[in-house]
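Quick notes on the structure that follows.
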Amino acid sequence: MTKAFVVGHPIKHSRSPLIHGHWLKEYGLVGSYERIDVAPADFPAFLKTFANQGFAGGNVTIPHKEAAFLGVERRTERAERLRAVNTLWVENGVLWGDNTDVLGFMAHLDQSLGTAWEQDVDTALVIGAGGAARAIVAGLQDRPIRRILVANRTASKAEELVRDLKSPGPSLEVVPWENLGAALEKSGLIVNTTSLGMTGQPPLLLDLAKAPARAIVADIVYVPLLTPLLAAATARDLRIVDGLGMLLHQAVPGFARWFGVTPQVTPELRALIVADIEG
Ligand code: ATR
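Shown next, in the form of structure tokens:
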């Protein structure tokens, strides 16, 4: 029986077991996927011993993504670039790490909008400069868009992101937080990667009246599913991309590695997670 895990601290709210459990059932596989709570001090030892406990690999979540990056023996190019690992597996005795958040966000955009969305986007605006923002910028850099703007409350973090992720692809520029409104007017794709808009947090206040008529508005927050930002975008008839899809799609590559079947993100899976969020 193949066993996989999601490791974090705390971990009890993770929805990953629901996602992987659904796929195990759907594809008739004999396997398990469990939550494991590991405190930061114990994480390096966990990395060295999970294989001996019979696990094929697992997902890594807050606060261990950077420690996982440092602790693995080999990394994919994406993980190397982002300096964060969210997926672990052992191959020929070697501990590997990948970052599937990049693929998760891009696969979700493509599936929600069709790949032609790129034709409407000259400039993309990424709000926030944390780990999720890095993954999204890295994904967008592989696409034929001209410019990526990054705005963050703490400017130094946006500057650091731009320094770390400079590439020959689209130009990457910092926009001062106070100039978000002006940046919005030029942006065909607007992505919130901050926690603003999450249940219990203040909303992200953007005047979407200034956004281009064909703009796409994406949020990585998925509780609630329709964030105040996405509700405002809907009211303006803009195309929206919600945060749940990224969570679902980032799970695909790990499942494929551990269990040997590439799973599909289906409406049934979405409905299952939506029911959990709303329940
Ligand atoms: P993640 O890995 O999910 O991206 P993170 O690294 O903690 O999480 O990043 C959180 C992001 O949300 C940061 O860009 C943070 O801005 P700061 O760098 O200024 O802290 C942003 N954020 C969180 N709360 C915010 C708030 N009240 N207003 C504006 N930005 C906020």
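Take 49 as the starting number for the sequence shown in our numbering and just add one per residue. Every residue gets a Cβ at the ideal spot worked out from N, C-alpha and C, and that includes glycine.
- Excluding residues up to 5 positions away in sequence, Met-294, His-297, Gln-298 lie with their Cβ nearer than 6 Å to the Cβ of Gly-152 in the same chain.
- Within the chosen limit of 7 Å, ligand 1 reaches the beta carbon of Thr-241 through at least one heavy atom.
- Ser-219 carries a strand assignment under DSSP once its states are collapsed to helix, strand and coil.
- Trp-306: member of the alpha helix (DSSP H) spanning 300-307, first to last residue.
- Counting only unbroken stretches of 4 or more residues, the alpha helix (DSSP H) elements lying wholly within the stretch 165-237 are 179-188, 203-213, 228-233, in sequence order.
- Taking non-hydrogen atoms of ligand 1 into account, the C-beta of Asn-147 is found less than 7 Å away from none of them.
- Rounded to whole angstroms, Asp-158 and Gly-106 show a C-alpha spacing of 26 Å.
- Counting other Cβ atoms within 10 Å of its Cβ, Arg-284 stays below 16 and is therefore classed as exposed.
- Taking Glu-121 as the centre and dropping the five residues before and after it, the same chain places the C-beta of Val-142, Leu-143 closer than 6 Å to its C-beta, in chain order.
- Taking a cut-off of 8 Å for Cβ pairs, the stretch 89-99 and the stretch 114-133 touch, as three or more such pairs fall below it.
- Fewer than three Cβ pairs drawn from the stretch 253-270 and the stretch 213-225 lie within less than 8 Å of each other, which leaves the two stretches out of contact.
- Look at Gly-141: its beta carbon is at least 7 Å from all of the heavy atoms in ligand 1.
- One Cα belongs to Thr-241, the other to Ala-155, and the distance between them is close to 16 Å.
- Non-local beta-carbon contacts of Ala-99 in its own chain, meaning distances under 7 Å to residues more than five positions away in sequence, involve Val-138 in chain order.
- Annotation for Pro-276: Gly-245, Pro-251, Leu-252 place their beta carbon closer than 8 Å to its own, counting only its chain and skipping 5 residues before and after.
- Here Ser-235 is buried. Its C-beta has 16 or more other C-beta atoms within 10 Å.
- Here the stretch 205-223 lies against the stretch 188-195, with 3 or more beta-carbon pairs under 8 Å apart.
- Distance from the Cα of Ala-280 is smallest, within the candidate group Asp-255, Asp-212, Glu-74, for Asp-255.
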